[in-house]
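Asks: Residue numbers (the numbering used here), protein chains in the order written: chain H, 2 to 82; chain Z, 2 to 82; chain C, 13 to 149; chain P, 13 to 149.
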Amino acid sequence: MTHHRVLLFARYAELLGAGEVAVELSHDATAADCIAALRTLPGGDLLPSHPVLVRNHAIVTGAVVLDPSDELALLPPLAGG
Amino acid sequence: MTHHRVLLFARYAELLGAGEVAVELSHDATAADCIAALRTLPGGDLLPSHPVLVRNHAIVTGAVVLDPSDELALLPPLAGG
Amino acid sequence: MAFLTSDLIDAAALSRDVGASHHGAITTFIGSVRDTHNGRAVVRLTYTAYHAMAELECAAIVREAESRWPVRAALQHRVGDLQIGDAAVAIAIGAGLRDEGFAACRWVIEAVKRRVPIWKQEFYADGTDAWVDPVTL
Amino acid sequence: MAFLTSDLIDAAALSRDVGASHHGAITTFIGSVRDTHNGRAVVRLTYTAYHAMAELECAAIVREAESRWPVRAALQHRVGDLQIGDAAVAIAIGAGLRDEGFAACRWVIEAVKRRVPIWKQEFYADGTDAWVDPVTL
Numbered sequence: 002m003t004h005h006r007v008l009l010f011a012r013y014a015e016l017l018g019a020g021e022v023a024v025e026l027s028h029d030a031t032a033a034d035c036i037a038a039l040r041t042l043p044g045g046d047l048l049p050s051h052p053v054l055v056r057n058h059a060i061v062t063g064a065v066v067l068d069p070s071d072e073l074a075l076l077p078p079l080a081g082g
Numbered sequence: 002m003t004h005h006r007v008l009l010f011a012r013y014a015e016l017l018g019a020g021e022v023a024v025e026l027s028h029d030a031t032a033a034d035c036i037a038a039l040r041t042l043p044g045g046d047l048l049p050s051h052p053v054l055v056r057n058h059a060i061v062t063g064a065v066v067l068d069p070s071d072e073l074a075l076l077p078p079l080a081g082g
Numbered sequence: 013m014a015f016l017t018s019d020l021i022d023a024a025a026l027s028r029d030v031g032a033s034h035h036g037a038i039t040t041f042i043g044s045v046r047d048t049h050n051g052r053a054v055v056r057l058t059y060t061a062y063h064a065m066a067e068l069e070c071a072a073i074v075r076e077a078e079s080r081w082p083v084r085a086a087l088q089h090r091v092g093d094l095q096i097g098d099a100a101v102a103i104a105i106g107a108g109l110r111d112e113g114f115a116a117c118r119w120v121i122e123a124v125k126r127r128v129p130i131w132k133q134e135f136y137a138d139g140t141d142a143w144v145d146p147v148t149l
Numbered sequence: 013m014a015f016l017t018s019d020l021i022d023a024a025a026l027s028r029d030v031g032a033s034h035h036g037a038i039t040t041f042i043g044s045v046r047d048t049h050n051g052r053a054v055v056r057l058t059y060t061a062y063h064a065m066a067e068l069e070c071a072a073i074v075r076e077a078e079s080r081w082p083v084r085a086a087l088q089h090r091v092g093d094l095q096i097g098d099a100a101v102a103i104a105i106g107a108g109l110r111d112e113g114f115a116a117c118r119w120v121i122e123a124v125k126r127r128v129p130i131w132k133q134e135f136y137a138d139g140t141d142a143w144v145d146p147v148t149l
């Protein structure tokens, strides 16, 4: 298992009660695995069905394999401007 | 004959050497008559064939009859903005 | 406030004029004096106006913009001697929606160029000068 | 200069940044805080950002605008607590031709809304608050 920290913002930070959470994933876990793990956290069941995950500031699709050194973040729908 | 003053601007003021000139026109003279009279002034032969005449701040066509109380002006092509 | 001014134009003041608590989108356009024109080095220029008519046309343009779109419009045009970089014309539009703000701003600058009796005399680095004919940019 | 700021945005400074002796057309857009949203009275709001990514995205947007058009672009977005009327975002485009200035300005604001990770929490007169979902205006 590898340890991954995920940054949360705005509504998602409220849902999960923190601006950053940790998940334990199997080696070679994908972005989809990470999102599934986030759903098991308290409040995680309220996340939408396909939240946007970004790795090192770029959006990734579910099949992308993650590395523990990646900077991960879950982004609610953007509302700047 | 009636006395009409015509305001001149920019290039036209340079051509006729003044910011305002006077022309004597027959009673019921038209805008076209006014422009023809302006052409007889020194430098007036250098005016373009169809200069824009405005009366009381609105463009008039050649057939419009002028009144001595009108404010007349001859406008070169506009270049503001 | 007069639409023509011989003082420096304060574009920020125009923006404040059209800002309102329900106008979340402010679009501005500033046309300023460039240092070259058709490849010639410009050192300064002079704007001359038919003042009375120019003021009336500017007022009409603002009125028409505000009737075409639900916006507030402000407009100033400089006259007299201008240096390189000075604002020659400034437009500010306060709108609820940015689509309308951009459309109105664009419409006003085109209307100013087409309708307001103002003329531009450029003075060049070689000592000559010329009345500038309008160009379609 | 950072693209995100917790201080008041100085839109005039952005305009000066993109002004140049060969850029005769400066177009700006300011999005400011409105006092109502979907019919509810707004008293203040907070913008939250994923700072590192937002800075990178803003830089990328400016770079892309400057490669699509021969313009200079400047951009700032406010974060933190904002009052009604405060500028939330300001864009300034310096261009040689106004067509390009307007096009680039419009493109940048749409790109900011679509790409920069920033979120808005509105606080209402009735004491409630909400994270605002993006709306197509």
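All C-beta atoms in this analysis are idealised placements derived from N, C-alpha and C, irrespective of residue type, glycine included. Computed from a predicted model, the values in this text were never measured in an experiment.
If we cut at 7 Å on Cβ distances, does residue 82 of chain Z have a partner in chain C?
Replies: Residue 82 of chain Z sits at position 81 when you count from the first residue of the second sequence. Output row for residue 82 of chain Z: interface = yes.
Asks: If residue 106 of chain C sits next to residue 38 of chain C, beta carbons under 8 Å apart, how far is it from one beta carbon to the other, in whole angstroms?
Replies: Translated into positions along the third sequence, residue 106 of chain C becomes position 94. Translated into positions along the third sequence, residue 38 of chain C becomes position 26. Correct: roughly 5 Å between the Cβ atoms.
Asks: Where does residue 119 of chain C sit, in a helix, a strand or coil, going by DSSP?
Replies: Here residue 119 of chain C is taken as the residue at index 107 of the third sequence, counted from 1. In the structure shown, residue 119 of chain C sits in a helix (DSSP, three-state: H, G or I).
Asks: Quick one: which residues of the region 65 to 77 of chain C get their C-beta closer than 7 Å to a C-beta of chain P? List them in chain order.
Replies: Correct list: empty, as no residue qualifies.
Asks: Check the DSSP bridge columns for residue 51 of chain H and list the partner residues they point to.
Replies: Sequence index remark: in the first sequence, residue 51 of chain H carries index 50 (1-based). BP columns for residue 51 of chain H are empty, so no partner.
Asks: Check residue 1 of chain Z in the structure and name its three-state DSSP category.
Replies: As shown, chain Z starts at 2 and ends at 82. That puts residue 1 of chain Z outside it, with no answer to give.
Asks: Taking 7 Å as the threshold (beta carbon to beta carbon), is residue 28 of chain Z in contact with chain C?
Replies: Taking the second sequence and counting its residues from 1, the one referred to as residue 28 of chain Z is at position 27. No, no contact with chain C.
Asks: Could you tell me the boundaries of the beta strand (DSSP E) in which residue 134 of chain P lies?
Replies: The residue labelled residue 134 of chain P in the question sits at position 122 within the fourth sequence. Residue 134 of chain P -> beta strand (DSSP E) spans 130 to 136.
Asks: CB residue 66 of chain H to CB residue 29 of chain H, shorter than 7 Å?
Replies: Along the first sequence, read from residue 1 onward, the residue named residue 66 of chain H stands at position 65. Along the first sequence, read from residue 1 onward, the residue named residue 29 of chain H stands at position 28. Yes, these two residues count as a Cβ contact at 7 Å.
Asks: Out of H:5, H:3, H:25, H:10, point me to the one whose CA is closest to residue 78 of chain H's CA.
Replies: Numbered from 1 along the first sequence, position 77 holds the residue referred to as residue 78 of chain H. Measuring from the Cα of residue 78 of chain H, the nearest candidate turns out to be H:10.
Asks: Using the rule of at least 16 other Cβ atoms within 10 Å of the residue's Cβ for burial, across every protein chain shown, is residue 88 of chain P buried or exposed?
Replies: Residue mapping note: residue 88 of chain P aligns to position 76 of the fourth sequence, counting from 1. The residue in question, residue 88 of chain P, is buried, as its Cβ has 16 or more Cβ neighbours within 10 Å.
Asks: Alpha carbon to alpha carbon, how far is residue 75 of chain P from residue 115 of chain P?
Replies: Here the question's residue 75 of chain P lines up with position 63 in the fourth sequence. Here the question's residue 115 of chain P lines up with position 103 in the fourth sequence. Their backbone Cα atoms lie some 15 Å apart in a straight line.
Asks: Where are the alpha helix (DSSP H) runs, 4 residues long or more, that stay fully inside the region 50 to 124 of chain P, in chain order?
Replies: Listed in chain order, they are 63 to 80.
Asks: Can you look up residue 141 of chain P in the DSSP assignment and give me helix, strand or coil?
Replies: As a first step, residue 141 of chain P is located in the fourth sequence; it is residue number 129 there, counting from the start. Reduced to three states, the DSSP call for residue 141 of chain P is strand.
Asks: Tell me, please, whether the region 122 to 142 of chain P touches the region 61 to 79 of chain C by the rule of three or more beta-carbon pairs shorter than 8 Å.
Replies: No contact exists between the region 122 to 142 of chain P and the region 61 to 79 of chain C.
Asks: Just list the residues that DSSP pairs residue 44 of chain P with in beta bridges.
Replies: By one-based count along the fourth sequence, residue 44 of chain P stands at place 32. Bridge partners of residue 44 of chain P: P:99.
Asks: Considering just the uninterrupted stretch of the alpha helix (DSSP H) at residue 30 of chain P, what are its terminal residues?
Replies: For the purposes of this step, residue 30 of chain P is identified with residue 18 of the fourth sequence, where counting begins at 1. Element bounds for residue 30 of chain P: 23 to 30.
Asks: Hey, does residue 98 of chain C have any beta-carbon neighbour from chain P nearer than 7 Å?
Replies: Along the third sequence, read from residue 1 onward, the residue named residue 98 of chain C stands at position 86. Residue 98 of chain C does not count as touching chain P.
Asks: How is residue 64 of chain Z classed by DSSP in three states: helix, strand or coil?
Replies: As a position in the second sequence, residue 64 of chain Z is number 63, starting the count at 1. Looking at residue 64 of chain Z - three-state DSSP - the assignment turns out to be coil, as it is neither helix nor strand.
Asks: What does a CB cutoff of less than 7 Å around residue 4 of chain H pick up in its chain, not counting 5 residues either side in sequence?
Replies: If you number the first sequence from 1, residue 4 of chain H lands on position 3. Here the set comprises 23, 25, 69.
Asks: If we call anything under 7 Å between Cβ atoms a contact, is residue 100 of chain P one with residue 54 of chain P?
Replies: The residue given as residue 100 of chain P occupies position 88 in the fourth sequence. The residue given as residue 54 of chain P occupies position 42 in the fourth sequence. No. Outside cutoff.
Asks: Grab me the residues of residue 226 of chain P's own chain with a C-beta within less than 7 Å of its C-beta, minus the 5 sequence neighbours each way, in chain order.
Replies: Since the first residue of chain P shown is 13 and the last is 149, residue 226 of chain P is not available in this structure.
Asks: Cβ of residue 77 of chain C within 7 Å of Cβ of residue 120 of chain C?
Replies: What you label residue 77 of chain C is simply residue 65 of the third sequence in a count that begins at 1. What you label residue 120 of chain C is simply residue 108 of the third sequence in a count that begins at 1. The answer is yes: Cβ separation under 7 Å.
Asks: List the residues of chain P that residue 46 of chain C touches, going by C-beta distances under 7 Å, in chain order.
Replies: Locating residue 46 of chain C in the third sequence gives position 34, counting from the first residue. The answer, in chain order, is 33, 34, 36.
Asks: Have a look at Z:82, Z:2, Z:61, Z:15 and flag the residue whose alpha-carbon is nearest the alpha-carbon of residue 48 of chain Z.
Replies: Counting from 1 along the second sequence, the entry for residue 48 of chain Z is found at position 47. Measuring from the Cα of residue 48 of chain Z, the nearest candidate turns out to be Z:15.
Asks: Relative to the alpha-carbon of residue 13 of chain H, which residue among H:27, H:31, H:46 has its alpha-carbon at the smallest distance?
Replies: Taking the first sequence and counting its residues from 1, the one referred to as residue 13 of chain H is at position 12. Nearest option by C-alpha distance: H:46.
Asks: Who are the near neighbours of residue 74 of chain Z in its chain, counting only those whose CB is closer than 6 Å to its CB and skipping five residues on each side?
Replies: Counting from one through the second sequence, the residue named residue 74 of chain Z turns up at place 73. Around residue 74 of chain Z: 8, 55.
Asks: Please go through the same chain and pick out, in chain order, the residues whose beta-carbon is closer than 8 Å to the beta-carbon of residue 28 of chain P, but skip the five residues on each side of it.
Replies: As a working note, residue 28 of chain P is residue 16 in the fourth sequence. Counting only Cβ-Cβ distances below 8 Å, and skipping sequence neighbours, we find nothing.
Asks: Determine whether the Cβ of residue 40 of chain H lies closer than 7 Å to any Cβ atom of chain P.
Replies: Mapped onto the first sequence, residue 40 of chain H falls at position 39. Answer no: the Cβ-Cβ gap between residue 40 of chain H and chain P never drops below 7 Å.
Asks: Where does residue 72 of chain Z fall in DSSP's three states?
Replies: Here residue 72 of chain Z is taken as the residue at index 71 of the second sequence, counted from 1. Three-state result, residue 72 of chain Z: coil.
Asks: So, is the C-beta of residue 5 of chain H closer than 7 Å to a C-beta in chain P?
Replies: Here residue 5 of chain H corresponds to residue number 4 of the first sequence, with the count starting at 1. So, not an interface residue.
Asks: On the criterion of 16 or more Cβ atoms from any shown chain inside 10 Å, does residue 147 of chain C qualify as buried, or is it exposed?
Replies: Against the third sequence, residue 147 of chain C aligns to sequence position 135. Low local confidence applies: a pLDDT of 49 at residue 147 of chain C is under 50, so the model's placement there is unreliable, with the coordinate-based value given in what follows. That one is exposed.
Asks: Taking residue 130 of chain P and residue 80 of chain H to be in contact with their CB atoms under 8 Å, please state how far apart those CB atoms are, rounded to whole angstroms.
Replies: Counting from 1 along the fourth sequence, the entry for residue 130 of chain P is found at position 118. Counting from 1 along the first sequence, the entry for residue 80 of chain H is found at position 79. About 7 Å; that satisfies the 8 Å criterion.
Asks: So, does the CB of residue 48 of chain Z fall closer than 7 Å to a CB anywhere in chain C?
Replies: Position 47 of the second sequence, counted from the first residue, corresponds to residue 48 of chain Z. It does not; no Cβ of chain C falls within 7 Å.
Asks: What does DSSP give as the partner residues of residue 37 of chain C in its beta bridges?
Replies: Taking the first residue of the third sequence as 1, we reach residue 37 of chain C at position 25. C:107, P:43.
Asks: Between which two residues does the beta strand (DSSP E) harbouring residue 39 of chain Z extend?
Replies: Residue 39 of chain Z sits at position 38 when you count from the first residue of the second sequence. Not the beta strand (DSSP E): residue 39 of chain Z falls in the alpha helix (DSSP H), residues 32 to 40.
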